[in-house]
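Just below is one structure, and these are the notes that go with it.
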Amino acid sequence: MSADHTFLLEEGLWIARGYYIDSIGVLYPVNGESRIAHEGDRWINDSWMRIPADPPVEYRNRYVITPFDEGTDCTVWISENPALGRLRGTFVLVDDTILSVYGTEDGRLRGSEALLRVSSILYRGRGCLMEGEKKISSWAVELKRQESVKR
14 MSADHTFLLE EGLWIARGYY IDSIGVLYPV NGESRIAHEG DRWINDSWMR
64 IPADPPVEYR NRYVITPFDE GTDCTVWISE NPALGRLRGT FVLVDDTILS
114 VYGTEDGRLR GSEALLRVSS ILYRGRGCLM EGEKKISSWA VELKRQESVK
164 R
């Protein structure tokens with residue numbers, strides 16, 4: 014790990030802004046947040062994303078992340094998503110990027126996201142969700158750190 018990552022690896026509140034593209038290519042502005050908390054043997058990422066579609070859509074995820082073991086660049090996570098069900102994924106640290114690869118437990122949906130570290134308070138996220146070979150959605154966001162979360 015050559016980059017000093019702050020997203021996930023430090024507690025904090027991150028505000029997301031960007032855009033979401035649906036399965037037929039319609040682009041929507043999007044906003045949201047991720048709140049990272051470290052709770053002993055697990056990290057929690059409570060996040061939401063709002064899309065002002067007609068009707069408006071809000072996605073919520075609660076990631077439970079196994080902390081990275083010292084000297085490793087890979088760890089696992091589980092998320093409960095009200096719309097998609099339980100997701101299982103892996104985070105991999107690659108230089109200035111956090112990669113996430115995930116899927117539903119039944120294997121019907123899979124996705125990936127790359128979070129590029131621009132600075133200690135700014136990341137750029139790009140991702141997609143797939144059903145087989147069909148794109149369900151994709152997105153491009155910037156995550157900006159707002160404050161530290163102290164417990």
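For the sequence shown, my numbering gives the first residue as 14, with consecutive numbering after it.
Beta carbons: idealized from backbone N, C-alpha and C, even for Gly.
This structure is a prediction, so every number in the text was calculated from the model and none was measured.
query: DSSP three-state call for D54: helix, strand or coil?
result: Look at D54 here: in three-state DSSP terms it is coil, with no helix or strand label.
- request: Starting from the N-terminal side, write out each stretch of the beta strand (DSSP E) that is 3 residues or longer and does not extend beyond the region 79-134.
  value: Whole beta strand (DSSP E) segments, 3+ residues: 87-94, 98-107, 110-117 and 122-132.
field: Straight-line gap, I37 to K147 (C-alpha atoms, nearest Å)
entry: Approximately 10 Å, taken between the alpha carbons.
First and last residue of the uninterrupted beta strand (DSSP E) at G31: Taken as a continuous stretch (DSSP letters only), the beta strand (DSSP E) holding G31 covers G25 to I34.
message: Please identify the residue among Y41, V70, T19 and E83 whose C-alpha is closest to the C-alpha of R48.
response: Considering only alpha carbons, the answer is T19.
task: Leaving aside the five residues before and after Y33 along the sequence, list all residues of the same chain whose C-beta is less than 7 Å from its C-beta, in chain order.
output: So the list reads Y41, V43, I64, S150 and W152, once near-sequence residues are dropped.
With 16 other Cβ atoms within 10 Å as the buried cut-off, status of S92: Flag for S92 reads buried.
- request: Measure how close the beta-carbons of T117 and L135 come, nearest whole angstrom, since I'm counting them as under 8 Å.
  value: Rounded, the Cβ-Cβ distance is 30 Å, inconsistent with contact.
Minimum C-alpha distance to T110 - residue among N94, R121, R139 and E23: Out of N94, R121, R139 and E23, R139 has the C-alpha closest to the C-alpha of T110.
- prompt: Using the rule of at least 16 other Cβ atoms within 10 Å of the residue's Cβ for burial, across every protein chain shown, is A29 buried or exposed?
  reply: So A29 counts as buried.
- request: Identify, in the order they occur along the chain, each residue of the same chain with its Cβ nearer than 6 Å to the Cβ of Y115, setting aside the five sequence neighbours on each side.
  value: Within the same chain, Y115 has close Cβ partners L100, G102 and G124.
field: Test item: CB-CB of I78 and N94 under 9 Å
entry: Cβ atoms of I78 and N94: not closer than 9 Å.
6 Å Cβ shell around F81 - same chain, five flanking residues per side excluded: The beta carbon of F81 is closer than 6 Å to those of T88 in its chain, skipping five residues each way along the sequence.
- prompt: Should L26 and R158 be called a contact, given that it needs their Cβ atoms to be closer than 9 Å?
  reply: Yes. Within cutoff.
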